[in-house]
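Colleague: Pasting in a structure now, in structure tokens, and then I'll have a few things to ask.
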Amino acid sequence: MARPWRIEFEGALYHVFSRGNESQRIFLTDADRHSFLNILGRMSERFNTDIFAFVLMDTHYHLLIRTPEANLSKSMQWFGTTYTIQFNIRHSRKGHLFQGRYKSILVENDAYLLRLSYYIHRNPMRAGLVYRLVNYRWSSYPAYAYQLNQPTWLNTEFILSQIGEPDKHRGYRNRAQKYSDEKKSVIEEIRYGLLLGTPKFAEYIKSSFIDGKATAEIPAQTRLVKDRDPQEILNSAVSILDCDIDGFRIARRIKKDDARKRDLLIYLLWQTGNYTNSEIGRLFGLSYSSISRRIRLFETQLSKNGEVKKLLNSIKSQIKV
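As structure tokens, then:
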């Protein structure tokens with residue numbers, strides 16, 4: 002069974018998130034939410050973790066944390082087990098609560114934290130639960146924007162210090178409200194489904210945390226180790242599909258069959274190399290938002306059309322990605 006890759010070192014920053022098993026709710030009552038936050042505070046104290054941001058949705062949660070002692074796995078295992086036990090006791094149930102292991106994105110440095118906190122805090126608005134973020138009780142946004150409902154264990158100073166205005170709380174809420182208007186979401190910069198950072202950071206992780214070769218059980222390692230020049234992958238796939246990539250770039254409109262081939266190439270680069278949408282867009286003369294849309298459309302085709310999936314797998318096998 003595939004398992005996630007945990008990269009741990011002192012002072013590492015992570016975006017951590019997890020969903021309920023089979024998309025079930027992990028919070029049924031406010032007592033559950035209070036319990037979750039209480040356990041989060043206990044984790045912070047027990048394992049010396051810095052909690053920078055959180056949001057609790059019905060079926061999942063997001064955290065932004067730092068581990069001064071390189072102990073993410075130990076911290077999160079205790080956290081997940083403790084919350085599940087208390088949840089099961091309260092609701093007279095047994096068994097797993099979360100969908101497999103938690104997911105974590107390693108963040109290169111604090112330069113990404115401000116935008117990442119905006120992304121986390123805007124979850125309730127994206128889900129249509131509130132019109133104003135401050136009206137959502139179960140996130141750290143009120144503490145950042147208005148100094149409201151701040152738990153003693155929540156560290157807001159570290160991120161707020163990046164706001165270059167006298168009233169940092171007002172500056173934060175103004176920027177958070179404008180975040181959705183940004184041309185590029187911070188999530189678009191995630192690489193290999195593993196880390197948020199620059200190519201240089203990805204190379205550092207590969208050289209520092211993989212000893213010679215990847216482990217087949219950990220797909221993220223394989224993707225990172227087998228990293229190849231996107232143009233090389235593209236050229237090989239174009240040769241198999243017998244299509245004109247330059248024609249895709251300059252044509253205002255392309256035929257339906259050509260559009261299908263173009264979208265397959267886009268998806269192939271995104272899936273096998275985990276290049277950012279902006280990097281893929283430069284190869285095709287498209288914006289990052291257009292790349293996002295093409296990926297979503299192709300994923301729909303894959304789920305409905307067996308021939309498309311067969312073709313994708315055949316190309317991946319031939320070019321060995």
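Here the numbering used here runs 1 ahead of the position in the sequence shown, where the first position is 1. Even for Gly, the Cβ is constructed at its ideal location relative to N, Cα and C. Bear in mind that the values here come from a model prediction, so they are computed numbers and not experimental data.
Starting from Y145, trace the alpha helix (DSSP H) both ways and give me its first and last residue.
Modeller: Against the sequence shown, residue 145 aligns to sequence position 144. Where Y145 is concerned, the enclosing alpha helix (DSSP H) stretches over 142-147.
Colleague: Looking only at its chain, what residues have a beta carbon closer than 7 Å to the beta carbon of L115, apart from the 5 residues adjacent to it on each side?
Modeller: The residue you call residue 115 lines up with position 114 of the sequence shown. The residues are I160, Q163.
Colleague: Exposed or buried, which one is R127 when buried takes at least 16 other CB atoms within 10 Å?
Modeller: By one-based count along the sequence shown, residue 127 stands at place 126. R127 is exposed by the Cβ-count criterion.
Colleague: Any chance the segment 170-189 sits against the segment 79-97, with 3 or more Cβ pairs inside 8 Å?
Modeller: no
Colleague: From L130 to I66, what distance separates their C-alpha atoms?
Modeller: As a working mapping, residue 130 is identified with position 129 in the sequence shown. As a working mapping, residue 66 is identified with position 65 in the sequence shown. Distance between the alpha carbons of L130 and I66 is about 25 Å.
Colleague: Which parts of the segment 14-84 are runs of the alpha helix (DSSP H), unbroken and 4 residues or longer, counting only runs that do not cross its ends?
Modeller: 31-48
Colleague: If you pair each beta-carbon of the segment 101-120 with each one of the segment 186-206, do three or more pairs fall below 8 Å?
Modeller: yes
Colleague: When DSSP labels each residue in this structure, what does F138 get in the three-state scheme?
Modeller: Indexing the sequence shown from 1 puts residue 138 at position 137. In the sequence as displayed, the identity of residue 138 is Arg instead of Phe. Note: R138 maps to coil in three-state DSSP.
Colleague: Are the CB atoms of V56 and H407 within a distance shorter than 8 Å?
Modeller: For residue 407 there is no data in the structure shown, the boundaries of the chain being 2 and 322.
Colleague: Starting from S208, follow the alpha helix (DSSP H) in both directions and report where the run begins and ends.
Modeller: Taking the sequence shown and counting its residues from 1, the one referred to as residue 208 is at position 207. 200-210 is the span of the alpha helix (DSSP H), which, as asked, contains S208.
Colleague: Tell me whether P125 is buried or exposed, calling it buried when 16 or more other Cβ atoms sit within 10 Å of its Cβ.
Modeller: Within the sequence shown, residue 125 is the residue found at index 124, counting from 1. When all chains shown are included, P125 counts as buried.
Colleague: DSSP three-state call for I164: helix, strand or coil?
Modeller: Numbered from its first residue, the sequence shown carries residue 164 at position 163. In this structure, I164 counts as coil in the three-state DSSP scheme.
Colleague: Rounded to whole angstroms, what's the CA-CA distance from A217 to Q178? Just pull it up for me.
Modeller: As a working note, residue 217 is residue 216 in the sequence shown. As a working note, residue 178 is residue 177 in the sequence shown. Unreliable placement is indicated for A217, whose pLDDT of 48 sits below 50; the coordinate value is still reported in the next sentence. Taking the straight line from one Cα to the other gives about 42 Å.
Colleague: Tell me the DSSP bridge mates of R192?
Modeller: Residue numbering aside, residue 192 sits at position 191 when the sequence shown is read from its first letter. DSSP output for R192 lists L196 as bridge partner(s).
Colleague: Tell me, which residues are paired with V108 by DSSP?
Modeller: Numbered from 1 along the sequence shown, position 107 holds the residue referred to as residue 108. In the DSSP output, where bridge partners are listed per residue, V108 has L14, L197.
Colleague: Take the Cβ of R254 as the centre, count every other Cβ of all protein chains shown within 10 Å, and call the residue buried at 16 or more, exposed below.
Modeller: For the purposes of this step, residue 254 is identified with residue 253 of the sequence shown, where counting begins at 1. Exposed: under 16 other Cβ atoms inside 10 Å.
Colleague: Hey, out of K317, M44, E233, F299, whose CA is closest to L155's CA?
Modeller: Taking the sequence shown and counting its residues from 1, the one referred to as residue 155 is at position 154. Selection K317, M44, E233, F299 evaluated against L155 yields M44 as nearest (Cα-Cα).
Colleague: Going by DSSP, what residues sit across from F99 in a beta bridge?
Modeller: Position 98 of the sequence shown, counted from the first residue, corresponds to residue 99. In DSSP, F99 forms a bridge with G21.
Colleague: Taking 6 Å as the limit between beta carbons, can you name the residues of its chain near N72, skipping five residues before and five after?
Modeller: Numbered from its first residue, the sequence shown carries residue 72 at position 71. Result list for N72: F48, in chain order.
Colleague: Give me the Cα-Cα distance between A215 and Y137, rounded to the nearest whole angstrom.
Modeller: To locate residue 215, count along the sequence shown from 1; it is residue 214. To locate residue 137, count along the sequence shown from 1; it is residue 136. Model confidence at A215 stands at a pLDDT of 49, short of 50, so the residue's coordinates are unreliable and nothing is read from them.
Colleague: In three-state DSSP terms, what is L287?
Modeller: Along the sequence shown, read from residue 1 onward, the residue named residue 287 stands at position 286. Three-state result, L287: coil.
Colleague: Go through its chain and collect everything with a Cβ distance to I8's Cβ below 7 Å, but skip five positions before and after it.
Modeller: Here the question's residue 8 lines up with position 7 in the sequence shown. Closer than 7 Å at the Cβ level, and outside the excluded window around I8, lie L107, I206, F210.
Colleague: Rounded to a whole number of angstroms, what is the C-alpha to C-alpha distance between L64 and T50?
Modeller: Taking the sequence shown and counting its residues from 1, one reaches residue 64 at position 63. Taking the sequence shown and counting its residues from 1, one reaches residue 50 at position 49. The alpha-carbon atoms of L64 and T50 are separated by roughly 12 Å.
Colleague: Distance check for A112 and I263, CA to CA, integer angstroms please.
Modeller: The residue labelled residue 263 in the question sits at position 262 within the sequence shown. The residue labelled residue 112 in the question sits at position 111 within the sequence shown. Reading off the sequence shown, one finds Arg at residue 263, where the question assumed Ile. Approximately 34 Å between the Cα atoms of the pair.
Colleague: M2 to H170, Cα distance in whole Å?
Modeller: For the purposes of this step, residue 2 is taken as residue 1 along the sequence shown, with counting starting at 1. For the purposes of this step, residue 170 is taken as residue 169 along the sequence shown, with counting starting at 1. Unreliable placement is indicated for M2, whose pLDDT of 43 sits below 50; the coordinate value is still reported in the next sentence. If I take the Cα positions, the gap works out to 45 Å.
Colleague: Per DSSP, which one or two residues make a beta bridge with L155?
Modeller: Position 154 of the sequence shown, counted from the start, is the residue given in the question as residue 155. According to DSSP, which records beta bridges pairwise, L155 is partnered with I52.
Colleague: Just reading off the alpha helix (DSSP H) that D311 is part of, what are its end residues?
Modeller: The residue you call residue 311 lines up with position 310 of the sequence shown. Correcting the residue identity first, residue 311 is Lys in this sequence and not Asp. That run of the alpha helix (DSSP H) goes 307-320.
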